[in-house]
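Engineer: Would you mind keeping the following structure in view while I ask a few things?
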């Protein structure tokens, strides 16, 4: 029993620490900094539509607001993490799960980024997962 309680406490504090992890200094592509939106349907999970807003900061941190719609059920979650460019690829570390997704990317114009998955932390029905982020223009 004592071991179970100790294990639960370690896991609990580990999860809290992961959400508050201090970002490391990494290489970023300043063209990806800012507020972006995107969506996809049926790519990761059949029948599910995902919509998101991603705020990528110059310090390499991000906040991601996800909304999912499946079978008339709407869910929303907020994730925080760190992003960086390594070997010309976009890396996205999610503090909550500790998982890192890796994408190739191209920037066709200043308002769009095309991403294609190279390595993802979750299993998908589509090995060719791709999406486009669209810049949300500043109104200042």
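Residue numbers (the numbering used here): 2 to 141.
Every residue, glycine too, gets a C-beta built ideally from N, C-alpha and C.
Remember, predicted model here, so these are calculated numbers, not experimental data.
If we count the other Cβ atoms within 10 Å of its Cβ and call it buried at 16 or more, is residue 78 buried or exposed?
Structural biologist: The residue is exposed, with fewer than 16 neighbouring Cβ atoms inside 10 Å.
Engineer: Given a threshold of 16 other Cβ atoms within 10 Å of its Cβ, counted over all protein chains shown, does residue 114 qualify as buried or as exposed?
Structural biologist: The residue is buried, with at least 16 neighbouring Cβ atoms inside 10 Å.
Engineer: Could you give the DSSP three-state label for residue 31: helix, strand or coil?
Structural biologist: Three-state result, residue 31: helix.
Engineer: What residue from 32, 67, 61 and 34 has the CA that sits closest to residue 49's CA?
Structural biologist: Comparing Cα positions, the closest option is 67.
Engineer: Who pairs with residue 55 in a beta bridge, going by DSSP?
Structural biologist: According to DSSP, which records beta bridges pairwise, residue 55 is partnered with 37 and 65.
Engineer: Would you please state the rounded distance, in angstroms, between the beta carbons of residue 90 and residue 28? I believe it to be under 8 Å.
Structural biologist: Actually they do not touch by this definition, with Cβ atoms about 11 Å apart.
Engineer: Name the DSSP bridge partner or partners of residue 131?
Structural biologist: Partner(s): 117.
Engineer: Cβ atoms of residue 92 and residue 105: under 7 Å apart, would you say?
Structural biologist: No, the pair does not count as a contact, with Cβ atoms beyond the cut-off.
Engineer: My understanding is that residue 133 touches residue 35, with C-beta atoms under 8 Å, so please give their C-beta distance in whole angstroms.
Structural biologist: At roughly 15 Å, the Cβ-Cβ gap does not stay under 8 Å, so residue 133 and residue 35 are not in contact.
Engineer: Keeping to the same chain, check which residues put their C-beta closer than 6 Å to that of residue 81; ignore five residues upstream and five downstream.
Structural biologist: Contacts found: 64 and 96.
Engineer: Under 7 Å, do residue 108 and residue 32 count as touching if we go by C-beta distance?
Structural biologist: Yes.
Engineer: Taking Cβ to Cβ, would you say residue 119 is nearer than 7 Å to residue 131?
Structural biologist: Not a contact, by the Cβ cut-off of 7 Å.
Engineer: If you measure between the beta carbons of residue 61 and residue 37, is that distance less than 7 Å?
Structural biologist: No, Cβ-Cβ distance for residue 61 and residue 37 is not below 7 Å.
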